[in-house]
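What follows is a single structure, written as structure tokens, with notes after it.
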Amino acid sequence: MYIRAMKHTITLLVLVFALTAWAQTRNLEIYWIDVEGGASTLFVSPSGESLLFDTGFPNDDRDAKRIHAAAQNAGLKQIDHVVISHWHADHEGGLNALSKMIPLGKFYDHGNGVEQADRGRLEDYKAIAGSKRTIVKPGDTIPFGPVQVRVLVSEGPVIAKAINGGGSNALCANHQQMQPAPPENQRMVGLSLTYGNFKLASLGDLDWQRELELVCPVNKVGTVTVYTINRHGALDNSGTPALLGAIRPQVIVVNNGPRKGLNVPNDQVKPISVPGVTPAPFEKNHYLRLAKTPGVLDVWQGHLSLTDSNPAHNTAPDMIANLEEGAADKGNWIHASVRADGTYTITNGRNGFTRTYKATDVKK
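Counting from 1035, one number per residue, gives the positions in the sequence shown under the numbering used here.
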């Protein structure tokens, strides 16, 4: 009896050690989901926990189905953490339908500040989140296994202390000033994820003015490995060179739509003249501004921009996940698998094209 019990204990210990070793060899998985100009990114920690950042449009449940498909591909039975950046339809809209497809765990958001036009989505979210809701502040963290998730901005204020090696930012001299975006695009939640040497930032629809608060006069974001460009790549009122040049991403992912985001001008955006200051010139074409940023190795796009399909104004076709619109759009995602040693492989869901990087790579 004693010998059998010992054998049973040893078997259990071997199983525990094997499972622990297996968990430690898993990667951080990232899916940029095609919500055609909305926003949705799914993260799966090496520990197996999952975090979804935004849920796309309502659109007859199209986006919720695409998120659910990504979750199934990742082997998930539930999504443990859901972060909603702000209350616009292209970021919160798919939540209700998704909540009926897969169990959702804890919820995080910027709070109850809302424009009247967006109040219905806030109330929809509150009904789904219930008592599992947390209103986050800059500097807060979200538990996510070995991946550190920090809130960079929420409800206006930005993080107080620099992270990821951030410090004084010389690019702030003579930078262009822009009028602020509407309130909801300034209130939103922006995140930093760190896994060893790999660092990712995603700022939702954060605008030019709030970007400057994050990096001027001190770059509080630090350097990043991968940057999900904000506002879907619509850079009339975001993507200030003072931020891009300071955070020095190796790879930029643009979760744009066929006719939203990249290369779509916003005529409502007006620069602000500062007496006695001549703003430094910067690249006005959206894709070229990204591609020319020092340190950028590659730009990956959710969609070919059909408002400006000039090959010179889009990334290489192999790194564009979707080329069509409407019924022909298959909703291919962009997927990254990040290893503990800092190497990461990005895959185009449309054609299987892959490219592998290391978190210490620097463009010559």
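Even for Gly, the Cβ is constructed at its ideal location relative to N, Cα and C.
### Message
Along the chain, where does the beta strand (DSSP E) containing Glu1063 start, and where does it finish?
### Response
Residue 1063 sits at position 29 when you count from the first residue of the sequence shown. Start and end: 1062-1066.
### Task
Provide the residue(s) that pair with Trp1367 in DSSP beta bridges, ordered along the chain.
Within the sequence shown, residue 1367 is the residue found at index 333, counting from 1. Note: Trp1367 sits in no beta bridge, so no partner.
### Task
For Pro1292, count neighbouring Cβ atoms within 10 angstroms of its own Cβ and tell me buried if that reaches 16, exposed if not.
Indexing the sequence shown from 1 puts residue 1292 at position 258. Looking at its Cβ environment, which holds 16 or more other Cβ atoms inside 10 Å, Pro1292 is buried.
### Query
From which residue to which residue does the beta strand (DSSP E) around Ile1286 run?
Position 252 of the sequence shown, counted from the first residue, corresponds to residue 1286. Counting along the chain, the beta strand (DSSP E) containing Ile1286 begins and ends at 1285-1288.
### Closest Cα partner of His1102 within the set Gly1071, Lys1134, Glu1083, Pro1080
As a first step, residue 1102 must be located in the sequence shown, where it is residue number 68. Nearest option by C-alpha distance: Lys1134.
### Query
Among the residues of its own chain, which have a CB less than 6 Å from the CB of Leu1186, if the five just before and after it don't count?
Locating residue 1186 in the sequence shown gives position 152, where the first residue counts as 1. Ile1193, Gly1224, Ser1226, listed in sequence order.
### Message
According to DSSP, simplified to helix, strand and coil, what is Ile1169?
### Response
Working through the sequence shown from its first residue, we reach residue 1169 at position 135. Here Ile1169 sits in strand by DSSP.
### Message
Can you tell me whether Ile1064 is buried or exposed? The criterion is at least 16 other CB atoms within 10 Å of its CB, across all chains shown.
### Response
As a working note, residue 1064 is residue 30 in the sequence shown. Label assigned to Ile1064: buried.
#### Entry: Straight-line Cα distance separating Leu1237 from Val1298
Numbered from its first residue, the sequence shown carries residue 1298 at position 264. Numbered from its first residue, the sequence shown carries residue 1237 at position 203. So the two alpha carbons sit approximately 19 Å from each other.
### Message
Check this for me: beta carbons of Trp1334 and Val1287, under 7 Å apart or not?
### Response
Stepping through the sequence shown from its first residue, residue 1334 is reached at position 300. Stepping through the sequence shown from its first residue, residue 1287 is reached at position 253. Yes, the Cβ-Cβ distance between Trp1334 and Val1287 is below 7 Å.
### Task
Can you say whether Phe1051 is buried or exposed, counting buried as having 16 or more other CB atoms within 10 angstroms of its CB?
Taking the first residue of the sequence shown as 1, we reach residue 1051 at position 17. Unreliable placement is indicated for Phe1051, whose pLDDT of 43 sits below 50; the coordinate value is still reported in the next sentence. Its Cβ having fewer than 16 others within 10 Å, Phe1051 is exposed.
### Query
On the three-state DSSP scale, how would you describe His1337?
The residue labelled residue 1337 in the question sits at position 303 within the sequence shown. Strand.
### Query
Is DSSP giving Asp1143 helix, strand or coil here?
Here residue 1143 corresponds to residue number 109 of the sequence shown, with the count starting at 1. In the structure shown, Asp1143 sits in a strand (DSSP, three-state: E or B).
### Query
Which residue from Ala1151, Thr1341, His1115 puts its Cα closest to that of Ile1169?
For the purposes of this step, residue 1169 is taken as the residue at position 135 of the sequence shown. For the residues Ala1151, Thr1341, His1115, the minimum Cα distance to Ile1169 belongs to His1115.
#### Entry: Under 7 Å between C-beta atoms of Ala1104 and Leu1076
For the purposes of this step, residue 1104 is taken as the residue at position 70 of the sequence shown. For the purposes of this step, residue 1076 is taken as the residue at position 42 of the sequence shown. In this structure, Leu1076 lies closer than 7 Å to Ala1104 by Cβ.
### Message
Please list the terminal residues of the continuous alpha helix (DSSP H) segment that includes Ile1281.
### Response
By 1-based counting over the sequence shown, the position of residue 1281 is 247. Residues 1275-1281.
### Task
Verify whether the separation of the beta carbon atoms of Gly1071 and Lys1294 is less than 7 Å.
Numbered from 1 along the sequence shown, position 37 holds the residue referred to as residue 1071. Numbered from 1 along the sequence shown, position 260 holds the residue referred to as residue 1294. Yes; because the gap between Cβ atoms is below 7 Å, this pair is in contact.
#### Entry: Val1249 (DSSP reduced to helix, strand or coil)
The residue you call residue 1249 lines up with position 215 of the sequence shown. In the structure shown, Val1249 sits in a helix (DSSP, three-state: H, G or I).
### Query
With 16 other CB atoms within 10 Å as the buried threshold, where does Gln1213 fall?
Within the sequence shown, numbered from 1, the residue matching residue 1213 stands at position 179. By the neighbour-count rule (16 or more Cβ atoms within 10 Å), Gln1213 is not buried but exposed.
### Task
Measuring alpha carbon to alpha carbon, tell me which of Leu1129, Lys1140, Asn1253, Val1117 ends up nearest Asp1094.
For this step, residue 1094 is matched to residue 60 along the sequence shown. Selected option, being the one with the closest Cα: Leu1129.
### Query
Can you pull the DSSP bridge partners for Arg1389?
The residue labelled residue 1389 in the question sits at position 355 within the sequence shown. Per DSSP, Ile1380.
### Task
Measure the alpha-carbon distance for Asp1174 versus Phe1141 and round it to whole angstroms.
Numbered from 1 along the sequence shown, position 140 holds the residue referred to as residue 1174. Numbered from 1 along the sequence shown, position 107 holds the residue referred to as residue 1141. If I take the Cα positions, the gap works out to 14 Å.
#### Entry: Other residues of its chain near Val1308: CB distance less than 7 Å, five sequence neighbours each side excluded
On the sequence shown, residue 1308 is found 274 positions in, with the first residue counted as 1. Same-chain partners within the cutoff: Gln1211.
### Query
In this structure, what does DSSP give as the bridge partners for Ile1176?
Here residue 1176 is taken as the residue at index 142 of the sequence shown, counted from 1. According to DSSP, which records beta bridges pairwise, Ile1176 is partnered with Val1183.
### Task
Could you tell me if Leu1047 is buried or exposed, where buried requires 16 or more neighbouring beta carbons within 10 angstroms of its beta carbon?
As a first step, residue 1047 must be located in the sequence shown, where it is residue number 13. Because the pLDDT at Leu1047 is just 43, under 50, the model does not fix this residue reliably, and the point stays unresolved.
### Query
How close, in whole Å, do the beta carbons of Glu1149 and Pro1217 come, if the pair is a contact with beta carbons under 8 Å?
In the sequence shown, residue 1149 corresponds to position 115, counting from 1. In the sequence shown, residue 1217 corresponds to position 183, counting from 1. The Cβ separation is near 6 Å, so the contact holds.
### Query
Is it the case that the Cβ atoms of Asn1290 and Gly1336 are separated by a distance below 7 Å?
On the sequence shown, residue 1290 is found 256 positions in, with the first residue counted as 1. On the sequence shown, residue 1336 is found 302 positions in, with the first residue counted as 1. Yes.
### Query
Just the Cα atoms here: how many angstroms apart are Ser1371 and Gln1182?
The residue you call residue 1371 lines up with position 337 of the sequence shown. The residue you call residue 1182 lines up with position 148 of the sequence shown. Their Cα atoms are separated by approximately 16 Å.
### Task
Would you list the residues sitting across from Gln1211 in a DSSP beta bridge?
Here residue 1211 corresponds to residue number 177 of the sequence shown, with the count starting at 1. Partner(s): Ile1306.
### Query
Does the region 1107-1126 touch the region 1277-1284, meaning 3 or more C-beta pairs lie closer than 8 Å?
no
### Message
Given a cut-off of 7 Å on the beta-carbon distance, is the pair Glu1247 and Arg1221 in contact?
### Response
Within the sequence shown, the letter at position 213 stands for residue 1247. Within the sequence shown, the letter at position 187 stands for residue 1221. Cβ atoms of Glu1247 and Arg1221: not closer than 7 Å.
### Proximity winner among Asn1382, Gly1230, Glu1317, Asn1366, relative to Asp1097 (alpha-carbon distances)
The residue labelled residue 1097 in the question sits at position 63 within the sequence shown. Among Asn1382, Gly1230, Glu1317, Asn1366, the Cα nearest to that of Asp1097 is on Asn1366.
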